[in-house]
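All remarks here apply to the structure that follows.
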Amino acid sequence: MNKNRYINRDGALVGGLKTSKSTLAKAVQLAVAATAIGSASPVLADGFSLEEVVVTATRRAENIQDVPYNISAVTGDDLQKAGITDISGLARQIPGLTFVDLGVRSNSAVSGIIMRGLTASSPGQNSTLPPEGNTTVTAYINDTPLYTNLKIADVQHVEILRGPQGTLYGAGSVGGTLRFIFNSPSTAGISGSLSSKISQTEDADDMGYSTDGVINLPLSDDVALRVAAGYESYAGVTDATNRMRIGADGSPVLSDPSDFFGSPGVFDTVEDADESSQGYVRASVLWNMSDNVEALLSYHTQKDKADDFSGQNPNAGKRETTRFHASPVENKTELWALEIEADLGFATLSTSTSLYDITRDETIDFTSFAVSLRDTYYAGFPRNSEQTFVDTEEDRFVQEIRLGSNSDGDWDWVTGLYYTDFERTVDNNTFNPGFAEYINTGGHPWGNGTESYVDYYYGGGTADNELDTNRTFFLDSNVKTEEKAVFGELTYHVTEEWQVTGGFRYFEIDNTRKFSQGFAPCGSFCFVDTAVDSADENQIFKFNTSYNVTDDAMLYFTLAEGIRQGGANTIPLTGPFAEDPALVPYDPDTATNMELGLKGSIDNTIQYTVAIYNIDWKDVQLQFVGPNSGVAAQTNAGDARSQGLEMDVKAALSEGLTMTVGYAYTNAEITDDFVVIPTLTGSKGDKLPGVPDHQFTLAVDYYQTLEFSGGSEVHYHLDGSYRSGVETALNPGNTNYAKLDGFDMWNAAVTWSNSSWRVGAYVNNLTDEIGIVGIDKTFTTVPESHMEFTARPRTIGLMVGYSFE
Numbered sequence: 001m002n003k004n005r006y007i008n009r010d011g012a013l014v015g016g017l018k019t020s021k022s023t024l025a026k027a028v029q030l031a032v033a034a035t036a037i038g039s040a041s042p043v044l045a046d047g048f049s050l051e052e053v054v055v056t057a058t059r060r061a062e063n064i065q066d067v068p069y070n071i072s073a074v075t076g077d078d079l080q081k082a083g084i085t086d087i088s089g090l091a092r093q094i095p096g097l098t099f100v101d102l103g104v105r106s107n108s109a110v111s112g113i114i115m116r117g118l119t120a121s122s123p124g125q126n127s128t129l130p131p132e133g134n135t136t137v138t139a140y141i142n143d144t145p146l147y148t149n150l151k152i153a154d155v156q157h158v159e160i161l162r163g164p165q166g167t168l169y170g171a172g173s174v175g176g177t178l179r180f181i182f183n184s185p186s187t188a189g190i191s192g193s194l195s196s197k198i199s200q201t202e203d204a205d206d207m208g209y210s211t212d213g214v215i216n217l218p219l220s221d222d223v224a225l226r227v228a229a230g231y232e233s234y235a236g237v238t239d240a241t242n243r244m245r246i247g248a249d250g251s252p253v254l255s256d257p258s259d260f261f262g263s264p265g266v267f268d269t270v271e272d273a274d275e276s277s278q279g280y281v282r283a284s285v286l287w288n289m290s291d292n293v294e295a296l297l298s299y300h301t302q303k304d305k306a307d308d309f310s311g312q313n314p315n316a317g318k319r320e321t322t323r324f325h326a327s328p329v330e331n332k333t334e335l336w337a338l339e340i341e342a343d344l345g346f347a348t349l350s351t352s353t354s355l356y357d358i359t360r361d362e363t364i365d366f367t368s369f370a371v372s373l374r375d376t377y378y379a380g381f382p383r384n385s386e387q388t389f390v391d392t393e394e395d396r397f398v399q400e401i402r403l404g405s406n407s408d409g410d411w412d413w414v415t416g417l418y419y420t421d422f423e424r425t426v427d428n429n430t431f432n433p434g435f436a437e438y439i440n441t442g443g444h445p446w447g448n449g450t451e452s453y454v455d456y457y458y459g460g461g462t463a464d465n466e467l468d469t470n471r472t473f474f475l476d477s478n479v480k481t482e483e484k485a486v487f488g489e490l491t492y493h494v495t496e497e498w499q500v501t502g503g504f505r506y507f508e509i510d511n512t513r514k515f516s517q518g519f520a521p522c523g524s525f526c527f528v529d530t531a532v533d534s535a536d537e538n539q540i541f542k543f544n545t546s547y548n549v550t551d552d553a554m555l556y557f558t559l560a561e562g563i564r565q566g567g568a569n570t571i572p573l574t575g576p577f578a579e580d581p582a583l584v585p586y587d588p589d590t591a592t593n594m595e596l597g598l599k600g601s602i603d604n605t606i607q608y609t610v611a612i613y614n615i616d617w618k619d620v621q622l623q624f625v626g627p628n629s630g631v632a633a634q635t636n637a638g639d640a641r642s643q644g645l646e647m648d649v650k651a652a653l654s655e656g657l658t659m660t661v662g663y664a665y666t667n668a669e670i671t672d673d674f675v676v677i678p679t680l681t682g683s684k685g686d687k688l689p690g691v692p693d694h695q696f697t698l699a700v701d702y703y704q705t706l707e708f709s710g711g712s713e714v715h716y717h718l719d720g721s722y723r724s725g726v727e728t729a730l731n732p733g734n735t736n737y738a739k740l741d742g743f744d745m746w747n748a749a750v751t752w753s754n755s756s757w758r759v760g761a762y763v764n765n766l767t768d769e770i771g772i773v774g775i776d777k778t779f780t781t782v783p784e785s786h787m788e789f790t791a792r793p794r795t796i797g798l799m800v801g802y803s804f805e
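Take the sequence shown: its letter number 77 is residue 77 in this note's numbering, and every next letter is one higher.
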């Protein structure tokens, strides 16, 4: 592309696009754009153009159109105008980016991000605890690798990097990388904003509301402070129609008090059971230490709370769940980060030091487990009411040092060192209220008619007296991971139009895992402790080349590898729940991506990207549940392949009118047969779960200037997305299999604004589409527990905002 551009001190890209010299090349560009936007092809005219976006995906600032990969970016201004505040809304704007939205209850722990079809986990089945292995898409908050159910606010822009990004972004980036770049403080002057929304959601009795504010304060000529904070309350939309009633003593209420051993419980209906909320604070201080050195210290905290899962039982009514208990959660994320950048003349030295802590307190309805074992280990207990209380804490320290060239010569390079230390502790305790009294009461029908169940079967209880309490199960685990890596990329500009880039990453990983499990109803024989260590070292490579066929059109090719670390599962190998020792170790999985793409612009009124790719995914990792122990574990499941086409076009159709159209085709499937356990098998040709074949996105924005009102304007926005149907497991023989229909979602908004005020109205999910994205039917014999995770219902809202500078 045009090399006569540069980034000024404020980060703005200056320098214009040159006129295309090749009539043939321009004809090709027009054909690509016309194919993508169909009858909406713009009539080119003077006086309007598309905004240029600067990204740092290659660890240096450059126009997104000059990056020789398939990368998308959405500015914070565009996000705000479209009313996008979460990853789910973002995914509906980006072709090829799939997000399995399980609601606030699950999104805070489980990453539902899928790119280029690389996933093997059943969407919805693992809806509580984080997965055992790395995800296939790495999310970044500035320079910190961290997934959380991020509230998107005060964001400068979001970068979506498709395909393996392992050389620069490390383990886990096999499908792609998502980067959230937040606004930095400015010493230019005081500025700020405040906005509020109120909304009514279909099937909700209460209103939803949110408030967000930002303040930027220069503290001196060289120091500035920026604080953003907000809170949003989501009204509940799911009715729980099978909620077990609990008495004052903490035990289930008997429907027939005269029949202690045989009476079932009493069940009630709770309306709008899934109310949830999010609150966040982000504070950052920028210090321009000198003309060549600046430091950014930031603190980010967010708390997610939810009263229950959002979804419906397929055998019940619309947005009705029949699970026995509520499953509330409170998730808190805290992130400290220090980023320092120094211009050394020949190169820029960057360091990023971060420390984050995630605490998660949750209750999970586990009654289905007890019901499934009622006539064996649970001695026929008719009022099983199990709840699992899980306390999770994650701590990670991350240090990255990068050195990147500043020269305008034939060579560009970046190199760096990476270190991370991670620990996750999970304390899991399950209680069945009333169970201890049931098995300790004399005359138990499973005894000899006079003794209690405990006396008859265990002679007074186990050695540690577990059967004399309501705690039926516990599972405690500790995982520690240390990773060291060195990486780099080197670019040679063969000519002004042609560049070649090579990249590598070498890393070493050490894992330590400890695990304790106990199941009281079968005695001390079922108490197991396990510890296992593992280590891995590996390297990955990247090759990329691009050629500017005109000043405004680039053809590129990429061959890149991505990798996820291997490890060992802490599953029991002794006792009645012992697993096959062959399930303990699992190997790294690797993805090799070949991609050919064309990107460019036409008269600065059309920007386009078209890419085709083939990804060979070896030794695919997927999560499963041990058939004997019920413990979540990781395994390898043969090979897979993902092939596809991605197209993204943005056009300025006339003064004030823009349209963005995207399409992604993904064919992701297993390429060889495998058997892990009888309920987890794969055959050649099986579709990877949760991956739609087709995705369409559309966004239309029109800005109407109102001259009579002092220069204000009205912004009209419409966006829509479509995803074709998916399968939720590899084949019908697997536990969590279902076919989900495709669906489309539409959102609309109209906003009036002037230099200070914004007032608007919006409708999300215009047609009130159910939009099932995942299921959970782990306990196949207990239909009350089955859940379909659905999209947020139609929501109509009003907003008002004020800004100053």
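Beta carbons: idealized from backbone N, C-alpha and C, even for Gly. Quantities reported herein were computed from a predicted structural model and do not represent experimental measurements.
Sheet register partners of residue i (DSSP bridge)
i	result
P521	Answer is none; P521 lacks a bridge partner.
Q93	Bridge partners of Q93: none, in fact.
V214	S193 and A228
Q607	S601 and K650
K444	In the sequence on display, residue 444 carries His and not Lys. According to DSSP, which records beta bridges pairwise, H444 is partnered with nothing at all.
V398	S354 and T420
G567	Y586
P252	I246
Y716	Y702 and V750
Cβ-heavy atom distance, residue i to the ligand ZN, below 6 Å
i	result
N406	Questions concerning the ligand ZN fall outside what the structure shown contains, since it holds no ligand whatsoever.
Pair within 7 Å by beta-carbon distance, residue i and residue j
i	j	result
G117	S721	no
Y556	W498	no
S193	T211	no
W752	V763	no
T301	N313	no
Y378	W336	no
L730	D686	yes
A611	E646	yes
G774	V253	no
R505	V532	no
E51	D768	no
A761	H717	no
V306	R92	A small correction: the amino acid at residue 306 is Ala; Val does not occupy that position in the sequence shown. Cβ atoms of A306 and R92: not closer than 7 Å.
V479	N428	no
G176	G166	no
Coil, strand or helix - residue i by DSSP
i	result
F674	strand
T105	Note on identity: in this sequence residue 105 is Arg, with Thr being the wrong assignment. In this structure, R105 counts as helix in the three-state DSSP scheme.
I612	strand
S642	strand
S407	coil
Supposed close pair residue i, residue j - CB separation, criterion 8 Å
i	j	result
A637	E669	With a Cβ gap of about 13 Å, A637 and E669 do not count as contacting.
N569	Q621	Not quite, the Cβ-Cβ distance comes to about 11 Å (not below 8 Å), so this is no contact.
A485	Y418	4 Å
T558	Y69	6 Å
I246	P433	7 Å
R424	T472	Rounded, the Cβ-Cβ distance is 24 Å, inconsistent with contact.
Y147	T136	That pair is no contact at about 11 Å.
G124	L102	6 Å
Burial state of residue i, where buried means 16 or more other Cβ atoms lie within 10 Å
i	result
S785	buried
T430	buried
F813	No answer is possible for residue 813: the residues shown for the chain start at 1 and end at 805.
L344	exposed
F804	exposed
N292	exposed
F708	exposed
G409	exposed
E339	buried
F527	buried
Residue i at chain C interface by Cβ criterion, 7 Å
i	result
I181	The structure shown has no chain C; it contains just one protein chain.
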